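Novice: Residue numbers (the numbering used here): 961 to 1306.
Positions of the beta carbon are idealized from the N, C-alpha and C atoms, including for glycine.
Quantities reported herein were computed from a predicted structural model and do not represent experimental measurements.
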Ligand code: SF4
Ligand code: SF4
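(1) Cβ of residue 1096 versus every heavy atom of ligand 1: is any distance shorter than 6 Å?
(2) Please identify the residue among 961, 1265, 1080, 1173 whose C-alpha is closest to the C-alpha of residue 1114.
(3) Can you tell me where the alpha helix (DSSP H) holding residue 1249 begins and where it ends?
(4) For the alpha helix (DSSP H) containing residue 969, name the first residue and the last one.
(5) Is it buried or exposed for residue 1142, if we count other Cβ within 10 angstroms and need 16 for buried?
(6) Could you tell me the distance, in whole angstroms, from the CA atom of residue 1276 to the CA atom of residue 1034?
(7) For residue 1129, collect the residues of the same chain with a Cβ closer than 6 Å to its Cβ; drop the 5 residues on either side in sequence, then sort them by chain order.
(8) Using a threshold of 7 Å, state whether the C-beta atoms of residue 1281 and residue 1102 are closer than that.
(9) Is residue 1282 near ligand 2 - that is, is its Cβ less than 6 Å away from at least one heavy atom of it?
(10) Please report the residue range of the alpha helix (DSSP H) in which residue 1060 lies.
(11) Per DSSP, residue 1242 is paired with what?
(12) Taking 6 Å as the cut-off, is the C-beta of residue 1298 nearer than that to any heavy atom in ligand 1?
(13) Is residue 1016 a contact residue of ligand 2, with contact defined as CB to any heavy atom under 6 Å?
(14) Have a look at residue 1198 and residue 1297 and give me their C-alpha separation to the nearest angstrom.
(15) Can you determine whether any heavy atom of ligand 2 sits closer than 6 Å to the C-beta of residue 1278, and answer yes or no?
(16) Can you list, in chain order, the residues of its chain with a C-beta nearer than 7 Å to that of residue 1229? Leave out the 5 residues immediately preceding and following it.
(17) Just list the residues that DSSP pairs residue 999 with in beta bridges.
(18) With respect to 6 Å, is the separation between the Cβ of residue 1287 and the closest non-hydrogen atom of ligand 1 below this value?
(19) For ligand 1, is there any heavy atom lying closer than 6 Å to the beta carbon of residue 1067?
(20) Ignoring anything shorter than 3 residues, give me the beta strand (DSSP E) runs that lie fully in the region 996-1038, in order along the chain.
(21) Measure the CB-CB distance between residue 1081 and residue 1117 and report whether it falls below 7 Å.
(22) Compute every distance between the C-beta of residue 1201 and the non-hydrogen atoms of ligand 1, then say whether any falls below 6 Å.
(23) Closer than 6 Å to a non-hydrogen atom of ligand 2 - does that hold for the CB of residue 1208?
(24) Is the closest heavy atom of ligand 1 to the C-beta of residue 1224 under 6 Å?
(25) In angstroms, rounded to a whole number, what distance separates the CA positions of residue 1083 and residue 1045?
(26) Taking the beta strand (DSSP E) that residue 1231 belongs to, which residues open and close that run?
(27) Excluding the five sequence neighbours on either side, which residues of its own chain have a C-beta within less than 8 Å of the C-beta of residue 1180, listed in chain order?
(28) Of all the options 1222, 977, 1062, which has the alpha carbon lying nearest to the alpha carbon of residue 1032?
(29) Regarding residue 1090 and ligand 2, is the C-beta to nearest heavy atom distance less than 6 Å?
(30) Taking all protein chains shown into account, do 16 or more other C-beta atoms lie within 10 angstroms of the C-beta of residue 1218, making it buried, or fewer, making it exposed?
(31) Take the Cβ of residue 1293 as the centre, count every other Cβ of all protein chains shown within 10 Å, and call the residue buried at 16 or more, exposed below.
(32) Is any heavy atom in ligand 2 found nearer than 6 Å to the beta carbon of residue 1263?
(33) Taking the C-alpha atoms as reference points, what is the distance between residue 1139 and residue 1057?
Rendered as structure tokens:
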């Protein structure tokens, strides 16, 4: 690990310089209030000061909404030929907040587990990550500190932290980060100069829970019959938006399409979501979770009980607040968990 001190202007120039030789994605204003990770050009004006979390998190650049997995055809001898459609192009995602870095860190775990997912991993191996620490909560719905993702920097190749004097501390964390920062010309630091010099984070940082992440896991596990599940789906449209914008939701569907020649076609995968009514529908017509409340319970339990127990890396909700922000009915996972905690017991 090496450290440098840089001005904000030199950081912006460095990012724009990277865009002249690679595909660089950065959070850019999209419409009046929204932000989107957008491919920038060397002359694009970028700023690090503040952005409301992008509607779609950066991890979805590694797991597109729809992607071709393979093409197949039957050749003249009647034998099947299959060609995988791996995306090995390189990209840099810059300006990633700690909560979204934690999202990518968790997705890496999920997609390496069991049968490693060649498609996600091909993109991930060819993607550099540049993180940026938060000085203030990005949005009133954020609760990253409450789920211990505010200080997450693991997975970043370069991590940037604003300092009190207006400069930026550059942490080069990997060999790839070293390559990206070569020749930047910043002032070298012998050691981590943070501590009193780090820009002061406001306290408390964002919304807090009245229980620790570990206690929440036990509380959720004991609330299978709670009336809270019904309460928070009274106005749910089962649209699945909360799944689609979540940096830790990864469920997908796979289907084959046959071309008109009837001997060739392709296989694609598309995002799916456990809040959609058909999600747990199986052959024979049985639906394991026909009611919105049972689907909501499943979603919350995945984030706070099932996956934390399996992977041992804390909550699988990173507190970005996207699901509550984007839900037409303002159904917020923070409110659901707070109500479960308020019910007491565990
Ligand atoms: S976004 Fe809101 S309305 Fe849509 S499924 Fe999720 S909780 Fe229900
Ligand atoms: S459950 Fe909601 S707040 Fe938690 S990570 Fe997903 S979108 Fe963000």
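Specialist: With the structure as the only source:
(1) no
(2) 961
(3) Per DSSP, residue 1249 belongs to no alpha helix (DSSP H) and is neither H nor E.
(4) 968-978
(5) exposed
(6) 43 Å
(7) Cβ neighbours of residue 1129 beyond the five flanking positions: 1121, 1123.
(8) yes
(9) The nearest non-hydrogen atom of ligand 2 is less than 6 Å from the C-beta of residue 1282.
(10) 1058-1072
(11) DSSP lists no partner for residue 1242.
(12) no
(13) no
(14) 19 Å
(15) Yes.
(16) Cβ within range, chain order: 1027, 1029, 1212, 1213, 1214.
(17) Partner(s): 985.
(18) Yes.
(19) no
(20) You should have 1026-1034.
(21) no
(22) yes
(23) yes
(24) No, the beta carbon of residue 1224 sits no closer than 6 Å to any heavy atom of ligand 1.
(25) Near 12 Å, if we compare the C-alpha coordinates of residue 1045 and residue 1083.
(26) 1224-1231
(27) 1260, 1261, 1264, 1265, 1297, 1300.
(28) Nearest C-alpha to residue 1032 among 1222, 977, 1062: 1222.
(29) Because no heavy atom of ligand 2 lies under 6 Å away, the Cβ of residue 1090 does not count as near it: no.
(30) exposed
(31) buried
(32) yes
(33) Put simply, the backbone Cα of residue 1139 is about 22 Å away from that of residue 1057.
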